[in-house]
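Chemist: Protein chains in written order, with UniProt numbering: chain R, 1 to 464; chain W, 1 to 464; chain C, 1 to 464. Yeah, the Cβ is synthetic: ideal placement off N, Cα and C, and Gly gets one too. Quick caveat: nothing in here was measured; it's all calculated off a predicted structure. This is the structure, below, for whatever I ask next.
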Amino acid sequence: MAKNTNIRISLPAVCFVWQIAMIILFGVFVRYNEESDTRWIEHRRRKNISTNLENDFYYRYPSFQDVHVMIFVGFGFLMTFLKRYSFGGVGFNFLIAAFGIQWALLMQGWFHYLDDDGKIKIGVENLINADFCVAGCLIAYGACLGKVSPVQLMVLTLFGVTLFAVEEYIILELLHAKDPGGSMVIHTFGAYYGLTISWVLYRPMLSQSKHLQGSVYHSDVFAMIGTLFLWMYWPSFNSAIADHGDGQHRAVINTYLALAASVLTTFAISSISQKHGKLDMVHIQNATLAGGVAMGTASEFMITPYGSLIVGFCSSIISTFGYIFLTPFMEKTLKIQDTCGIHNLHAMPGVIGGIVGAITAASASESVYGQEGLINTFDFKEAVANRTANIQGGYQAAGLFVAIAFGLVGGALVGGILKLPIWGDPADANCFDDEVYWEVPEDEDENMLSSHPNMNHARGMPDA
Amino acid sequence: MAKNTNIRISLPAVCFVWQIAMIILFGVFVRYNEESDTRWIEHRRRKNISTNLENDFYYRYPSFQDVHVMIFVGFGFLMTFLKRYSFGGVGFNFLIAAFGIQWALLMQGWFHYLDDDGKIKIGVENLINADFCVAGCLIAYGACLGKVSPVQLMVLTLFGVTLFAVEEYIILELLHAKDPGGSMVIHTFGAYYGLTISWVLYRPMLSQSKHLQGSVYHSDVFAMIGTLFLWMYWPSFNSAIADHGDGQHRAVINTYLALAASVLTTFAISSISQKHGKLDMVHIQNATLAGGVAMGTASEFMITPYGSLIVGFCSSIISTFGYIFLTPFMEKTLKIQDTCGIHNLHAMPGVIGGIVGAITAASASESVYGQEGLINTFDFKEAVANRTANIQGGYQAAGLFVAIAFGLVGGALVGGILKLPIWGDPADANCFDDEVYWEVPEDEDENMLSSHPNMNHARGMPDA
Amino acid sequence: MAKNTNIRISLPAVCFVWQIAMIILFGVFVRYNEESDTRWIEHRRRKNISTNLENDFYYRYPSFQDVHVMIFVGFGFLMTFLKRYSFGGVGFNFLIAAFGIQWALLMQGWFHYLDDDGKIKIGVENLINADFCVAGCLIAYGACLGKVSPVQLMVLTLFGVTLFAVEEYIILELLHAKDPGGSMVIHTFGAYYGLTISWVLYRPMLSQSKHLQGSVYHSDVFAMIGTLFLWMYWPSFNSAIADHGDGQHRAVINTYLALAASVLTTFAISSISQKHGKLDMVHIQNATLAGGVAMGTASEFMITPYGSLIVGFCSSIISTFGYIFLTPFMEKTLKIQDTCGIHNLHAMPGVIGGIVGAITAASASESVYGQEGLINTFDFKEAVANRTANIQGGYQAAGLFVAIAFGLVGGALVGGILKLPIWGDPADANCFDDEVYWEVPEDEDENMLSSHPNMNHARGMPDA
C-alpha cells in the first residue's frame, strides 16, 4: 500500500504562496516602531530619554538571541535523536520556525501591537514573541516527528500560530493572567495541540517502521546539543519579556535553580527505574528540562529560591515517570503516538507551571512584594487596578483551562484537516526515514572508501 | 605523481615567524583605547559621562560574541560537511581565523584607528572589525576547501587581510559608502578573491578524489550546526557596528526578516528541482543564509520590513539555482572548482546586497527618514555634509565595483603565489582527505572493538 | 575480577538526599538580593538610581550566559572525544555541574554574601560565581574521565566545591589577591585536585581498556564543539566578574589576544612534533585554550595587548609539549593517569597565569594605571588602602601557593574517600565504556537496517 510522498509540487507551492502572502501582508501592515525607526532621535527628544541605552533593544537583545538559539538549535537538535531522521528533525524544524515567525509577527501584531494608523509597529519584543509563538508549533511537531510530511507541518504551523495568537490574547489580555515564560500559553497549548493531532492521525501499523524508531550512539550525542542549549538558555526564555530590572533578574534566578534541581531528580529516577541502575538517554535529554517549563508562569513571582528548587524537583520526577510509564500506556490504550514524549516534557510540566503560577499569585502579599512591587509584578493598573492577588490566582487558573481547551479543540480540527489524503505523508513502513523527503548521501563502509570511487554528492553537483 | 605534503618545517616556521612578528608589531603599535584603559574613569569625568554603561563595551559586546561564534563555529562547522575532511574544515578555519584577527587589528588599525601618538588604540569595535575582516578570508577558504595546504591558507589569509583593509578603506572612508554587514566589503570581495584563487589553482584531474568529495549522513548534521549558528546570529553580524540606538535595532529586524524569507524560498526551489521533490542538504545548509548576505549593506536603511522579506526571497532563489546550475557550469566551462559553492552563497547575494544598498540609499528621503535621521543614517557630516541621497547611491555602486575589482585582481596575484610548488599542497588524488595533514584515528567496526585491543590514540600518548 | 557497578540504589539515593538537603538549606538561607527583589524599585529610589539599566543584571547577564555555555557545552563536549564514552563525558558533566552550582551558591554565599539577617542574598553575580566554582570540579573530572562512577563524581564535587569556597575565601578575601578569571582559584586548584585524586586512584591494569582509550573520527569532531565554545567565550569568562566599565572591556581584549596567539603556537608545536608534520587533534582540542587559562589572573591588569600575545604564545608551547612528553612520563613514572591531560591544559597554564599575575601586579605603577585606575584595579581601599603594587605582587604569589596546597591536600583526602570499595566504580577492563552506566543503543551496520527490524529504543518505551 505505497503512498504517494512526492511533494515536488505541493511543498514549493505552499512555500511560495505563503511567502508571497507574507510579503504582501507585511507591505500593508508592518512598519518599524519608534525605537527601530530613524525618527528614534526625535522620539528621544520628545520623551526626554537621556541615552540610546534606554532603547528596549539593549534590555532585550541578548535574551532574544538566546531564545533564537533555543528555537533553531535547541528544538532542532533535540529532534535529531532518531537514527535516520536527523535531517527531518533539524531541517523541518528550521522550515516551520522560519515560516511561523513571519505569520506570528502578523497575528500577534493584529492582536497586541496595532497602532492608531492601522499598522503593526515592530521592535525587538515582537521578535521575541514571534519566536515564543512558534515554539508552540515546534512542541506539537515533537509528537508527530517522523510521521508527517513537510506540507502537513506547514499547515500545522499556519493554524497553530493562528490559534496561539487568539489563545494568548484571551489569556494575557482578557483574563490579564501573567505567563512570561509560557507554561500555559506555549507549553500546555502546544503539547495538547500536538498530542490531539497525533491522536487523530493514529497509525495502527506504525510498528512496521519500528526498526527506525530509535537512536544510535552518535544521534544521541547530537540530541544532547539540543538539550544543553535549551537547558542553558531557558533562564533567558523565561525572562526575555519580563519586566525591566528586577523582573528579568528574578526570572533568571528562579529558572536557573529549577533547572538545576531537575537534573538531579531526572538522573535519580532514570537510574532507579532500570534493572542495573543504568541511565537512559531519553530521560536525560528531556526530563532535565521540565523545571524550565514548569517555571514559565511563576518565573517573575517572588516564589523564593527554594520554591524554584521544589518546582524543578517535582516536575522532573513526574516527567521522568511519564517517559517510563505514561508514554507506553498512551500509545497502547489511548492510541496517541508521541514520538518525542512531549506529554512528559511539555504537557504535564506546563500544567504544573500553570498551577504553580496560580497558587503563587493567589498567595502574593504586600508584605513580601512591597506595595509598588505587587502592583508592578502583576500590573494591577488601569482596568484591573482593583484586582487582588487572590482573584489574580483565579484568573491564572482560568488561563490554564483556556490553553488546554485551545490545544484540544484546535488539535482536533487541524488533525482532521491533516488527515485528508492530499498532503504526501509517508506510509507506516516509511516513517522515521529521511529517504522519503531528502536526498540522503549513500553511506559506505569506511574501509571500502578507496574501492568505491563512484560516489558523488559534491556541493552543487546534481546527480548525473 | 606523489606530491610532497610534508609540512613539518614550513607550517611551524610560518606560524612561529608570523606570531612573533605580531608580538613585535603589537608591541610597537597597539595600545588600549580610552574605554578599555584604566584611565577610563578620568575620561568619564572629562567627558561628563554619567555611567559605566556608556562604555561602548555594553553597546557592542553581546553582538561581538555572536559574531565570534559565527566566525569560529559558524564558518568552521559549515565546512565539516565533507565525509573525510571535517578536521581540516573546522581546524584550518580555526587556524587562519586566529591568525587573521591579529593581522586585521594591525591593518585596520593603521587605516582607521591610528591615534596622534602613532599608536593604534583598540576596543571592542576593533575586535568586531577584526572578526569581520577575517570572514572574507574564510569565505575564500570555502572555494579552496580540501585542495590546499594549511601553509597556503596562511598565505591566503595574510594577503587577504591586507587587501581587505585597503579595499575597506577605499569603500568606507574615501567613497564614504555604508556597508555595516559587509555585503560588498566582506562577501563580494571574499568570494571573488577565493574564486579567482581557485581558478588559478585549477586541478584538471580532481575527479581522482571524487569519492571523497561528498558528505555522509553525520557530516551533514555537523554542517547544520554551522548553518544554524550563522543563520541565528546573522542579525548580530549586520548590526554589530551599526549606529547605537535605532541603527542596531533596525539592522536586526531587517536581517531577521530577510533570513526568514530565505528559508522558505530555499526549500521551495530545492524541492522543485529534484525528481521526487526531495530536498538537498547542500541547499538547506547554504542558500538559507543568502538573505543575511544580501541584507549586509542596507541593514541600517529604512528598507521596510516587507522590503527585507523581498530581499531574502529573491537572493535565495538565485542562490539555490546557482547550486543547481551555475556550479557545475563553472566547473566544466570556466574551470573554477568551488568546493563550498561560495559563488552561490557569497558572490551573488553579496552583489545583490550591494545593488540593493545603492538603490535604497539613492531613494532615501527626508520624509521617510526625518531630517536628522537621514543625516545620522548616512553620516552626511563634515566632508560629505552636502551629499544627497541620490549621489550616495552612486558612491554605493562604486563601492561594489571596488570590492569586485579587489577580489579579482588580488585573487589572481595571490593565486599566482600559491601556485608555486613549495607550499605542500596535496596531489589531486589526495584532495578532501584529512589523512594528508592530520593524525586520523583508525576507525574500526564497532563489533570488532573487543577483538582489536591494540589501538591507542589516548590523550597525550604519542604513537609508539 | 568483576566489580559491582550497579548504582541503582546509590546514585538515586545520593541525588535525592543531596537535592532535598539543598532545598532545605536554600529554604533556611537563600533569598533574592535587592536587585532581584520586587523591592528593587524602593531600593532605586533610596539610592537615587536613575534607570533600571544600572541593575547589575544588565552589566553581567550576557557574560553569565557565555560562561554557562562554557560549563555545560564547553566542558561537556570537550569530554566527548572518547570513542565510547561520549554519554558519560557530556552526561556526567551535566549532572555534577547542576549539583555543584547549588552547593556553590550556599558555600560561596556563607563566605562572601551573608547579609546582616543571616541570609544569603543572591543575584546574577552569584550565578556566575557558582558556575566558576563548579568549573574547578569539572577540570578535576577531566583527569578521572572514564574511570569513576557517577556516585564518586558526586562526592568529588561535594568536597571540591567545599574546598573551593574556603580556598577562594583565603585567596580573594584574606590575601586580597585578584583573580577574576581564576587562573589560580579555578584552574590551578581544580587541576591539582583532580590529578591527586587520579594518583590515589591509580589503576595499574588500565591497559586492559586501552582499546577504548582513544577517539574515532566523529567523536573528535564532537569534541571540537566543546573546544570552540570554550575558546570563543573565554573572554567572557575572564571578564564576567571584572570591574564595570574599563575592567570588563580590558579583560575581554587581553583574553581574546592571548587565545589567538595560542592557536598558532599549538598548530606549530603539534606539527613539528610528528613524523610527517601531521597535526594531532588532541593538541588542537586542548592546548589552543591555554592562553585563556593563563590570562585568568592578569586579565584586568594593564598587561598591554602584546603582553597578552606573549602569555598566549608561551603557555601553549608549554601545554602542547606537555601533551607530547609529560603525560606519558606522568603515567609511567608518577603513576598519574590523566585522561584529558588536565595537567597540560589547566595545571601548568594556571600556574603560569598565577605567576604572570604576580609579576604584572608587582610592576604596576601610577604612571601606567593613573592614580585612580591603580586603586580601582587592585581595590586598594579600606583594610588594604596602604598596600603598594609591589606588596600586592607578593600576595598574588602567596595565593598561587594556597591554590596548589588546597588542590594537593584536598585531592589526597578526597581520593582516599573515593578509594573505598562502595562507590560502584568500573573494573579496569570496563573503563571508558558507556555500557557500564548507560543504556547504549545497539548500533547496527547501516546496510543491515532493513533486515534487523527487532530493534526498539523508542522514546519512553522501556525494553521489553
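Would you call the CB atoms of residue 479 of chain R and Y437 of chain R closer than 8 Å?
Modeler: A question about residue 479 of chain R goes unanswered here, because the residues of chain R that appear run from 1 up to 464.
Chemist: Would you tell me roughly how many angstroms separate the C-alpha atoms of Y85 of chain W and I272 of chain C, rounded to the nearest one?
Modeler: Indexing the second sequence from 1 puts residue 85 of chain W at position 85. Indexing the third sequence from 1 puts residue 272 of chain C at position 272. Their Cα atoms are separated by approximately 21 Å.
Chemist: Determine the burial state of E167 of chain R: buried for a count of at least 16 other Cβ atoms within 10 Å of its Cβ, exposed for fewer.
Modeler: Here residue 167 of chain R corresponds to residue number 167 of the first sequence, with the count starting at 1. Counting Cβ neighbours within 10 Å, E167 of chain R comes out buried, since at least 16 surround it.
Chemist: So is R250 of chain C in contact with chain W if we call contact Cβ pairs under 8 Å?
Modeler: Indexing the third sequence from 1 puts residue 250 of chain C at position 250. The C-beta of R250 of chain C comes closer than 8 Å to at least one C-beta of chain W.
Chemist: Quick one, which of R:T288, R:I71, R:L105, R:A104 has its alpha-carbon nearest G89 of chain R's?
Modeler: Taking the first residue of the first sequence as position 1, residue 89 of chain R is located at position 89. Minimum Cα distance to G89 of chain R is reached at R:I71.
Chemist: Taking only beta-carbon atoms, is H211 of chain C less than 8 Å away from chain R?
Modeler: For the purposes of this step, residue 211 of chain C is taken as residue 211 along the third sequence, with counting starting at 1. Chain R contact via Cβ: absent.
Chemist: Report the rounded CA-to-CA distance for F222 of chain R versus R45 of chain R, giving the unit in angstroms.
Modeler: In the first sequence, the residue the question calls residue 222 of chain R occupies position 222. In the first sequence, the residue the question calls residue 45 of chain R occupies position 45. So the alpha carbons of these two residues sit roughly 50 Å apart.
Chemist: With distances taken between CB atoms, is the gap from Y256 of chain W to M302 of chain W smaller than 8 Å?
Modeler: For the purposes of this step, residue 256 of chain W is identified with residue 256 of the second sequence, where counting begins at 1. For the purposes of this step, residue 302 of chain W is identified with residue 302 of the second sequence, where counting begins at 1. Taking 8 Å as the Cβ cut-off, Y256 of chain W and M302 of chain W do not qualify as a contacting pair.
Chemist: Tell me whether the beta-carbon of I96 of chain C lies closer than 8 Å to the beta-carbon of T157 of chain C.
Modeler: By one-based count along the third sequence, residue 96 of chain C stands at place 96. By one-based count along the third sequence, residue 157 of chain C stands at place 157. Closer than 8 Å, so yes.
Chemist: Terminal residues of the continuous alpha helix (DSSP H) containing K47 of chain C?
Modeler: Position 47 of the third sequence, counting from 1, holds the residue named residue 47 of chain C. Here the alpha helix (DSSP H) through K47 of chain C covers 40-47.
Chemist: If you follow the beta strand (DSSP E) that Y32 of chain W is in, where does it begin and where does it stop?
Modeler: Stepping through the second sequence from its first residue, residue 32 of chain W is reached at position 32. Run containing Y32 of chain W: 30-32, per the beta strand (DSSP E) assignment.
Chemist: Based on the DSSP secondary-structure assignment, which residues constitute the bridge partners of S215 of chain C?
Modeler: For the purposes of this step, residue 215 of chain C is taken as the residue at position 215 of the third sequence. In the DSSP output, where bridge partners are listed per residue, S215 of chain C has C:L82.
Chemist: Evaluate Q152 of chain W with the Cβ neighbour count: other Cβ atoms within 10 Å of its Cβ, from every protein chain shown; 16 or more gives buried, anything less gives exposed.
Modeler: Against the second sequence, residue 152 of chain W aligns to sequence position 152. It is buried - the Cβ of Q152 of chain W has at least 16 other Cβ atoms within 10 Å.
Chemist: Assuming T266 of chain R contacts H283 of chain R (C-beta within less than 8 Å), just tell me the rounded distance between them.
Modeler: As a position in the first sequence, residue 266 of chain R is number 266, starting the count at 1. As a position in the first sequence, residue 283 of chain R is number 283, starting the count at 1. Indeed they touch by this definition, with Cβ atoms about 6 Å apart.
Chemist: Could you tell me which of R:A361, R:I41, R:A135 sits nearest to N93 of chain R, measuring between CA atoms?
Modeler: Here residue 93 of chain R corresponds to residue number 93 of the first sequence, with the count starting at 1. Checked all of R:A361, R:I41, R:A135; the closest Cα to N93 of chain R is R:A135.
Chemist: Let me see if you follow: with CB-CB separation under 8 Å, is V263 of chain C close to chain W or not?
Modeler: Within the third sequence, residue 263 of chain C is the residue found at index 263, counting from 1. By this cut-off, V263 of chain C is an interface position.
Chemist: Taking 7 Å as the cut-off, is the beta-carbon of F229 of chain W closer than that to any non-hydrogen atom of the ligand GTP?
Modeler: The ligand GTP is absent from the structure shown, which contains no ligand whatsoever.
Chemist: Is D445 of chain W helix, strand or coil when you go by DSSP?
Modeler: The residue given as residue 445 of chain W occupies position 445 in the second sequence. Any reading at D445 of chain W is ruled out, since the residue's pLDDT is 47, under 50, leaving its predicted position unreliable.
Chemist: Taking Cβ-Cβ distances shorter than 9 Å, what residues in chain C pair up with G277 of chain R?
Modeler: Here residue 277 of chain R is taken as the residue at index 277 of the first sequence, counted from 1. What G277 of chain R touches in chain C: T5, N6, I7, R8, I9, S10, L11, P12, G424, Y437.
Chemist: So with Cβ pairs under 8 Å, would you call R31 of chain C a contact of chain R?
Modeler: On the third sequence, position 31 is the one that residue 31 of chain C refers to. Yes, R31 of chain C lies at the interface with chain R (some Cβ there is under 8 Å from its Cβ).
Chemist: Do you know offhand how far Y323 of chain W's Cα is from Q337 of chain W's?
Modeler: Within the second sequence, the letter at position 323 stands for residue 323 of chain W. Within the second sequence, the letter at position 337 stands for residue 337 of chain W. The alpha-carbon atoms of Y323 of chain W and Q337 of chain W are separated by roughly 13 Å.
Chemist: How is N454 of chain R classed by DSSP in three states: helix, strand or coil?
Modeler: For the purposes of this step, residue 454 of chain R is identified with residue 454 of the first sequence, where counting begins at 1. At N454 of chain R the pLDDT is 38, less than 50, meaning the model places this residue with poor confidence and gives no usable figure here.
Chemist: For chain W, is any of its Cβ atoms less than 8 Å away from the one on P453 of chain R?
Modeler: As a first step, residue 453 of chain R must be located in the first sequence, where it is residue number 453. Low per-residue confidence applies at P453 of chain R: pLDDT is 38, beneath 50, and the placement is therefore not dependable, though the value from the model is reported in the following sentence. Cβ-Cβ to chain W under 8 Å: yes for P453 of chain R.
Chemist: Among the candidates W:A403, W:D246, W:G393, whose CA atom is the shortest distance from the CA of H43 of chain R?
Modeler: Locating residue 43 of chain R in the first sequence gives position 43, counting from the first residue. Ranking the options by Cα distance to H43 of chain R, first place goes to W:D246.
Chemist: Quick check on S36 of chain R - is its C-beta less than 8 Å from some C-beta in chain W?
Modeler: Indexing the first sequence from 1 puts residue 36 of chain R at position 36. Yes, contact with chain W.
Chemist: Work out the CA separation of V414 of chain W and T327 of chain W for me, nearest whole Å.
Modeler: Within the second sequence, the letter at position 327 stands for residue 327 of chain W. Within the second sequence, the letter at position 414 stands for residue 414 of chain W. Distance between the alpha carbons of T327 of chain W and V414 of chain W: 23 Å.
Chemist: Would you mind reading off the limits of the alpha helix (DSSP H) that contains I269 of chain W?
Modeler: On the second sequence, residue 269 of chain W is found 269 positions in, with the first residue counted as 1. Where I269 of chain W is concerned, the enclosing alpha helix (DSSP H) stretches over 246-272.
Chemist: Could you confirm whether any beta carbon from chain R is found closer than 8 Å to the beta carbon of P235 of chain C?
Modeler: Here the question's residue 235 of chain C lines up with position 235 in the third sequence. False, the Cβ-Cβ gap to chain R never drops below 8 Å.
Chemist: From the DSSP output, in three-state form, read off K332 of chain C for me.
Modeler: The residue you call residue 332 of chain C lines up with position 332 of the third sequence. Helix at K332 of chain C.
Chemist: Excluding the 5 residues preceding and the 5 following R459 of chain R in the sequence, name in chain order all residues of the same chain whose CB lies nearer than 7 Å to its CB.
Modeler: Here residue 459 of chain R corresponds to residue number 459 of the first sequence, with the count starting at 1. Only weak support exists for where R459 of chain R lies, its pLDDT of 46 falling under 50; the value from the coordinates is given anyway. Closer than 7 Å at Cβ, skipping near neighbours: no residue.
Chemist: What's the C-alpha gap between R8 of chain R and I317 of chain W?
Modeler: Residue 8 of chain R sits at position 8 when you count from the first residue of the first sequence. Residue 317 of chain W sits at position 317 when you count from the first residue of the second sequence. Computed Cα separation, rounded: 16 Å.
Chemist: What separation, rounded to the nearest whole angstrom, lies between the Cα atoms of P394 of chain C and G91 of chain W?
Modeler: As a working mapping, residue 394 of chain C is identified with position 394 in the third sequence. As a working mapping, residue 91 of chain W is identified with position 91 in the second sequence. According to the sequence shown, residue 394 of chain C is Gly rather than Pro. Answer to the nearest angstrom: the Cα atoms are 40 Å apart.
Chemist: Can you tell me which of the three DSSP states L201 of chain W falls into?
Modeler: In the second sequence, the residue the question calls residue 201 of chain W occupies position 201. In the structure shown, L201 of chain W sits in coil (DSSP, three-state: anything other than H, G, I, E or B).
Chemist: Could you run through the stretch 111-125 of chain R and flag, in chain order, every residue whose CB is less than 8 Å away from some CB of chain W?
Modeler: Those residues of the stretch 111-125 of chain R that come within reach of chain W (Cβ to Cβ, closer than 8 Å) are I122, G123, V124.
Chemist: What residue range does the beta strand (DSSP E) around I139 of chain R cover?
Modeler: Looking up residue 139 of chain R in the first sequence gives position 139. Not the beta strand (DSSP E): I139 of chain R falls in the alpha helix (DSSP H), residues 124-144.
Chemist: Compute the Euclidean distance between the alpha carbons of V28 of chain R and K119 of chain R, then round it to the nearest angstrom.
Modeler: Walking along the first sequence from the start, residue 28 of chain R turns up at place 28. Walking along the first sequence from the start, residue 119 of chain R turns up at place 119. Between V28 of chain R and K119 of chain R, the C-alpha separation is close to 8 Å.
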